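In this text, residue positions in the sequence shown follow my numbering: the first is -3, and each later residue adds one. Positions of the beta carbon are idealized from the N, C-alpha and C atoms, including for glycine. Bear in mind that the values here come from a model prediction, so they are computed numbers and not experimental data. Have a look at the structure below before the remarks.
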Amino acid sequence: MKLLILYYWLRWKLGPRWRDRTQLLRWQARQLARYARWLRRHSPYYRTLLEKGYTIDSFPEVDKKAFMAHFNAINTVGIDRDQAMKLALKAEREEDGAAMLHGCAVGLSTGTSGNRGLFLASKRERAEWAATMMHRVLRPGLRRQRIAFILRANSQLYESIRSRLFEFRYYDLPRHLAPFLAELNGYQPHVLTAQPSVLRLLAEAQQRGDLAIHPEQMVSYAEVLEPDDRQVIESTFGLTLTEVYQATEGFIAATCAHGTLHLNEDIMRIERDYLSEGRFQPILTDFRRRSQPVVRYRLNDILVEASESCPCGSPLQAIARIEGRMDDVFFLTGKQGKPVTIFPDWVRRCMVRSQDQAEDYVVCQTGPSDLSIYLSGLREGLAPLQAQMEAEWQAFAEQKALQPLRLTFFAHLPTSTGIKRRRIIRSYADE
Ligand SMILES: [Zn+2]
């Protein structure tokens, strides 16, 4: 495995360079054409489509539902969905992280809507992922770097990155903070990666003096990084966060040394379905993926293009932010009675304008014009804030041409919303 990782890492180091975007896209088109030929030979699902006259540019889009429905015909390693699902569920229950089938790691992804997805990664793909991560995210120093990975569950994906340049330690999401902090104090990582809610916890522990680490790089992944969390984490540790945007569907983007997110267009083609100016839903075709092709896969996320090019000069598209999931776009009733699309970022900004007391919050759409607003850590309770918040939200409704909002406030957070924290939630379906 280590040799495979090294091989892929060298491939990156010696790999193609693009002068500009035109050159990159030309190279990408060649990769896609080659990938289509490979699909014809290995994936029954895409072979049939190619024989019907479809091309890599015109394949029908898949979403999670279609991806699972055609699982057996799409995958190229002859894995049966039901068998894989049974195995993955068993591993999940036993908190074993990774189930293996035909040399592939089988993982589960949980969608916000509750439908499970199955994902496969061969040994080769796991090695390539690790190498890509090292190349794109970690900045190798002169001495051996101690890296702390904080994961949801120990996954085989990460297991084997250990070399002369790097030493990795894995931590499961901490159930008890104190022993975990002691462990980190002892390890003194140079690099620390975790989801933003955990990084925020660590920043608070550092401020209290319970944690005293001095990492040179911190990597945030797996959740939307909220601007206020970023600010607290960066100022506490005195660094610029590296952001990794990764889903089970692929490694989609990472920040460069300037802190700008760039799409990994040298691994996948990312088509943009525009929702409004600069705001789009990505459609992924990962031309490096082999065991389970991800082709024209519509991701449920909303991305916003950067308006200016990044000073790093990378030809890879720069992204201003990952705004949230399509599931969490609000549809509030407009003045004409029709639903109006309200993006998570607008909700977030209104929330920040309306109050500055809460330590944390959740905004939930619960009806056609109904919002539940949860706030935690209010020292003087809700009463002194309520009028101001009410006024700010009604002004927001006016500005977006909505009917007056019905607001309910709570001086606590809703009970657990799962492992991934979400601040903007739509629990109401307009159907
Ligand atoms: Zn850049």
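Within the model, the alpha-carbon separation for Asn260 versus Tyr3 is close to 20 angstroms. In this structure, DSSP gives His66 a state outside helix and strand, which the three-state scheme calls coil. Per the Cβ contact rule, the segment 70 to 87 is not in contact with the segment 310 to 327 (fewer than 3 Cβ pairs under 8 angstroms).
In terms of CA proximity to Leu177, Asp206 leads the group Gly363, Asp206, Gln353 and Val358. The closest CA to that of Leu271, considering only Val215, Ile338, Arg33 and Gly49, is found on Ile338. As a beta-bridge residue in DSSP terms, Gln277 pairs with Asp269. Beyond the five residues adjoining it in sequence on each side, Thr362 comes within less than 7 angstroms, by CB distance, of Ser368, Ser423 and Tyr424 in the same chain, given in chain order. Taking Arg349 as the centre and dropping the five residues before and after it, the same chain places the C-beta of Glu388 closer than 6 angstroms to its C-beta, in chain order. The Cβ neighbour count for Ser287, taken over all protein chains shown within 10 Å, is at least 16; the residue is labelled buried.
In this structure, Arg275 sits near Ile298, with a CB-CB distance shorter than 8 angstroms.
With contact defined as three or more Cβ pairs closer than 8 angstroms, the segment 235 to 253 and the segment 11 to 25 are not in contact. By the Cβ-count criterion, Gly74 is exposed, with fewer than 16 other Cβ atoms from all chains shown falling within 10 Å of its own Cβ. One thing to note: Val133 has its Cβ within 8 angstroms of the Cβ of Val215. Contact check for Thr244 and Phe145: beta-carbon distance about 17 angstroms, past the 8 angstroms limit, so the pair fails to qualify.
In the three-state reduction of the DSSP assignment, Ala397 falls in the coil class, being assigned neither a helical nor a strand state.
According to the DSSP assignment, Gln213 belongs to the beta strand (DSSP E) that extends over Gln213 to Tyr217. Here Thr256 is buried: its Cβ has 16 or more other Cβ atoms, across all protein chains shown, within 10 Å.
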